[in-house]
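Visitor: Following this message is one structure expressed as structure tokens.
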Amino acid sequence: MPVTLALCPKACGPNRGPSPCERRSLSVSMLSTLDDLKNRLQTALVNAFGPDLEGTDPVLVPTNNPKFGDYQANVAMSLAKRLKDKPRAIATKIVENLTIDDLCEEPQIAGPGFINLKFKTDYLQNQLKAVYADERLGIPTANPPQRTIVDFSSPNIAKEMHVGHLRSTIIGESIARTLEFLGHDVLRLNHVGDWGTQFGMLITHLRDVCPEAMTDSSTVDIGDLVTFYKQAKKRFDDNDDFKTTSREAVVDLQSGDPEARLAWQALCEQSRKEFQKIYDRLDITLQERGESFYNPLLDDVVVDLKSLGLLEEDQGAQVVFLEGFTNKDGNPQPLIVKKTDGGFNYATTDLAAIRQRTTQEKAQRIIYVTDAGQANHFAQVFQVANRAQWIPEGVELVHVPFGLVKGEDGKKLKTRSGETIKLKELLNEAIDRAEKDLRQRIADETRDETEEFIHTVSTGVGMGAVKYADLSQNRTSDYIFSFDKMLALQGNTAPYMLYAYVRVQGISRKGDIDFSQLGDAPMLLAEESELTLAKHLLALDAVVMEVAQELYPNRLCQYLFELSQKFNQFYDRCSVLQAEEPNRTSRLMLCDLTARTLKLGLSLLGISVLGRM
RNA sequence: GGACCCUUAGCUCAGUGGAUAGAGCAACCGCCUUCUAAGCGGUCGGUCACUGGUUCGAAUCCAGUAGGGUCCGCCA
Numbered sequence: 016m017p018v019t020l021a022l023c024p025k026a027c028g029p030n031r032g033p034s035p036c037e038r039r040s041l042s043v044s045m046l047s048t049l050d051d052l053k054n055r056l057q058t059a060l061v062n063a064f065g066p067d068l069e070g071t072d073p074v075l076v077p078t079n080n081p082k083f084g085d086y087q088a089n090v091a092m093s094l095a096k097r098l099k100d101k102p103r104a105i106a107t108k109i110v111e112n113l114t115i116d117d118l119c120e121e122p123q124i125a126g127p128g129f130i131n132l133k134f135k136t137d138y139l140q141n142q143l144k145a146v147y148a149d150e151r152l153g154i155p156t157a158n159p160p161q162r163t164i165v166d167f168s169s170p171n172i173a174k175e176m177h178v179g180h181l182r183s184t185i186i187g188e189s190i191a192r193t194l195e196f197l198g199h200d201v202l203r204l205n206h207v208g209d210w211g212t213q214f215g216m217l218i219t220h221l222r223d224v225c226p227e228a229m230t231d232s233s234t235v236d237i238g239d240l241v242t243f244y245k246q247a248k249k250r251f252d253d254n255d256d257f258k259t260t261s262r263e264a265v266v267d268l269q270s271g272d273p274e275a276r277l278a279w280q281a282l283c284e285q286s287r288k289e290f291q292k293i294y295d296r297l298d299i300t301l302q303e304r305g306e307s308f309y310n311p312l313l314d315d316v317v318v319d320l321k322s323l324g325l326l327e328e329d330q331g332a333q334v335v336f337l338e339g340f341t342n343k344d345g346n347p348q349p350l351i352v353k354k355t356d357g358g359f360n361y362a363t364t365d366l367a368a369i370r371q372r373t374t375q376e377k378a379q380r381i382i383y384v385t386d387a388g389q390a391n392h393f394a395q396v397f398q399v400a401n402r403a404q405w406i407p408e409g410v411e412l413v414h415v416p417f418g419l420v421k422g423e424d425g426k427k428l429k430t431r432s433g434e435t436i437k438l439k440e441l442l443n444e445a446i447d448r449a450e451k452d453l454r455q456r457i458a459d460e461t462r463d464e465t466e467e468f469i470h471t472v473s474t475g476v477g478m479g480a481v482k483y484a485d486l487s488q489n490r491t492s493d494y495i496f497s498f499d500k501m502l503a504l505q506g507n508t509a510p511y512m513l514y515a516y517v518r519v520q521g522i523s524r525k526g527d528i529d530f531s532q533l534g535d536a537p538m539l540l541a542e543e544s545e546l547t548l549a550k551h552l553l554a555l556d557a558v559v560m561e562v563a564q565e566l567y568p569n570r571l572c573q574y575l576f577e578l579s580q581k582f583n584q585f586y587d588r589c590s591v592l593q594a595e596e597p598n599r600t601s602r603l604m605l606c607d608l609t610a611r612t613l614k615l616g617l618s619l620l621g622i623s624v625l626g627r628m
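As numbered in my numbering, residues 16 to 628 make up the first sequence, in order.
What follows is the structure, encoded as structure tokens:
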């Protein structure tokens, strides 16, 4: 199936910066070609039917079947009424005025009036050579770069990361990597839950079980934070004295009491260490900037909302009444920004963050990667920020929601005993299973491999599988978590793609080939499978640009899966090392370019390739 | 009461206006003297939940219906 290519209809709008269409000089690959084709079709339209047709979208889309060529222009059908003529006649006139013989074969008019276009092989060969010579594989850099914040992962202090944090972390990382690769100025923020009333009980409990934390946080080892949290919670629920002391501790902390503050820091530090272990394993880069960071800014949010006339008092709380949201009685629903007890909540923090990020960080695009259950919350916060005019012209706030991770029973993923699954254990199991599988394979093939090799491959395959399984799903839908499926060696999985990469490395080893020394040989696309692979390789830039715009990493996964399939077909049908020159070198270049494309694409997903497996 | 999301092959899912709706898995049948068969080819499989509308053209856009899910005042 052809990859859907973004012809950047949205990116060309106002306030979005220059579109990919304006970067032709930097781009050698498919986007520039399509843009070129589009312009020529527009010129043909004007030449055929006059200046009224200026700016008409030629509706250039990939064909759904190779027998129709590579791309088709569907504009003729839509013009039939306006031009009072038959679509096929219109298509004929367009083709008569179209000059594309340097790029394409003779256009074919088919069906009701489709104009089918097929690239000339020598044009593709030249394009491919240009991509081959380009370290960025034809992907342009953003001009100008956008200051972008990606807000993702966001676990809660004093709680262990669990499966619920997996998607935000993996999707956020991939989005950040993709935007960074395009040259955007990305700030990755971990908006951890490091503030709130739960710290009262935690501090009080810490004071009892680990008093040294109250004077020196650096030496403290609280151990298993989940157990610690549960113990504190149990005491809070069971013991009234403890509850009272905890509430006092909250006040202490908020008023800046040094001892409470030190205990809080100890808790945060402990959590941070645990989080970092997970981030290191997953190769995630994040800057922690928790809720507490915004504490000094919260008062101003309320004060300013008041002076703007948006603030109202309702049942003792300070609220902004929302448009388009009503409560059970049909009255406007409030967004609470200051609680009856004078405290602030998450809406206040998010509003303060928007202000800080747009003013101090100068963010032009702020991306929130959270579960879909928070869609209401963000819609409400964005609405208030908008009405308060805190979102400067041209700044885009975007909630990137994702669905639940469910077990194979279709219910929310839990352990057999009903506990939340810890992320640490989930990753361990993925690696353990990958290792078991690998050892079996090594035994079956009577290979001799070192423990280090087994460790490296198991880890790479396990981590890659977990990430790829998540990213390859359309993020908006819930997804069913299955170790068996994600680690499967066939199908749309990480191992399948890693294997395609390994196959290229195998050729390099076997033939003692240094891919960097292939020189300036011509690319020859003689066989059908070579041509198909080449066309797919050229489509990388369009896919990456689309992911950056729409923020759906599964599109890139789909592309890479299809690339692996097309490579395997080529590998099956065309021998490389045994081929005669000049085909041999050309095929080696195709292999190398495939491997580089896989490596780059997987890296944008946060997945590392392996040389052997 | 309101907001949002979902319903596509036996299963898991792609597919946000273009030709005959795709893939993987499962099932079945083939292909290793040749670069790792963790691969390739083939067969089987669908009233795109339903009803209407817009359009030259609808799985896709709009309205409604049914079913499933999530969220909604002092947690985040």
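Just so it is clear, CB atoms sit at the ideal spot from N, CA and C, and this is done for glycine as well.
As the structure is a prediction and not an experimental result, all values here were calculated from the model.
Just to confirm the assignment: which complete beta strand (DSSP E) runs, minimum length 3, are found wholly within the segment 108-196?
Guide: List check, beta strand (DSSP E) in window: 123-125, 129-132 and 162-166.
Visitor: Straight-line CA distance for residue 213 to residue 164?
Guide: C-alpha separation (whole angstroms): 28 Å.
Visitor: Does DSSP put residue 206 in a helix, in a strand, or in coil?
Guide: Coil.
Visitor: CB residue 386 to CB residue 359, shorter than 8 Å?
Guide: Cβ atoms of residue 386 and residue 359: not closer than 8 Å.
Visitor: Under the three-state reduction of DSSP, which class applies to residue 490: helix, strand or coil?
Guide: Coil, per DSSP.
Visitor: Looking only at its own chain, which residues have a Cβ that is under 8 Å from the Cβ of residue 591, when we skip the five neighbours before and after it?
Guide: Closer than 8 Å at the Cβ level, and outside the excluded window around residue 591, lie 522, 526, 599, 602, 603 and 606.
Visitor: From residue 336 to residue 147, what distance separates their C-alpha atoms?
Guide: So the two alpha carbons sit approximately 57 Å from each other.
Visitor: Please determine, among 445, 273, 211 and 410, the residue with the shortest C-alpha to C-alpha distance to residue 381.
Guide: Of 445, 273, 211 and 410, the residue nearest in Cα terms is 410.
Visitor: Would you call residue 215 buried or exposed, if buried means 16 or more other Cβ atoms sit within 10 Å of its Cβ?
Guide: Buried, because 16 or more other Cβ atoms sit within 10 Å of the Cβ of residue 215.
Visitor: Kindly indicate the opening and closing residues of the beta strand (DSSP E) around residue 380.
Guide: 380-386 is the extent of the beta strand (DSSP E) around residue 380.
Visitor: Quick check on this structure: which residue in 342, 404, 351 and 352 has the alpha carbon closest to the alpha carbon of residue 370?
Guide: Here the closest residue by C-alpha is 404.
Visitor: With which residues is residue 86 paired in a DSSP beta bridge?
Guide: Residue 86 pairs with 77 and 132.
Visitor: How about residue 240 and residue 280: do their beta carbons lie closer than 8 Å?
Guide: The answer is no: Cβ separation not under 8 Å.
Visitor: For residue 336, which residues does DSSP report across the bridge?
Guide: Answer is 349, bridged to residue 336.
Visitor: Write down the C-beta distance between residue 162 and residue 378 rounded to the nearest angstrom, noting that I regard them as a contact closer than 8 Å.
Guide: Correct: roughly 5 Å between the Cβ atoms.
Visitor: Secondary structure at residue 496, three-state DSSP: helix, strand or coil?
Guide: DSSP places residue 496 in coil when its eight states are reduced to three.
Visitor: Can you find the residues in the same chain that come closer than 8 Å, C-beta to C-beta, to residue 625, ignoring five residues on each side of it along the sequence?
Guide: Cβ neighbours of residue 625 beyond the five flanking positions: 471, 472, 475, 476, 513, 516 and 517.
Visitor: Should residue 288 go down as buried or exposed, given a rule of 16 or more other Cβ atoms within 10 Å for buried?
Guide: Counting Cβ neighbours within 10 Å, residue 288 comes out exposed, since fewer than 16 surround it.
Visitor: Please classify residue 40: is it buried, with 16 or more other beta-carbons within 10 angstroms of its beta-carbon, or exposed?
Guide: Low confidence applies to residue 40: its pLDDT is 41, below 50, so where it sits in the model is not reliable, and the reading given next is rough at best. Classification of residue 40: exposed, given that the 10 Å Cβ count is below 16.
Visitor: What is the rounded straight-line gap between the Cα of residue 71 and the Cα of residue 621?
Guide: Cα to Cα, the separation comes out at about 40 Å.
Visitor: Within 10 angstroms of the Cβ of residue 455, are there 16 or more other Cβ atoms? Answer buried if so, exposed if not.
Guide: Under this definition residue 455 is an exposed residue.
Visitor: Going by the beta-carbon positions, is the gap between residue 88 and residue 102 smaller than 8 Å?
Guide: In this structure, residue 102 does not lie closer than 8 Å to residue 88 by Cβ.
Visitor: Less than 8 Å between the beta carbons of residue 384 and residue 208, yes or no?
Guide: No, the Cβ-Cβ distance between residue 384 and residue 208 is not below 8 Å.
Visitor: Pull up the distance between the alpha-carbon of residue 48 and that of residue 139, whole angstroms please.
Guide: Approximately 10 Å between the Cα atoms of the pair.
Visitor: Looking at the unbroken beta strand (DSSP E) that takes in residue 417, where does it start and where does it end?
Guide: Per DSSP, residue 417 belongs to the beta strand (DSSP E) from 411-417.
Visitor: If contacts are defined as beta-carbon pairs under 8 Å, then residue 494 and residue 572 qualify, I think. What distance do you get, rounded to the angstrom?
Guide: Going by Cβ atoms, the distance from residue 494 to residue 572 rounds to 13 Å, so no, they are not a contact pair.
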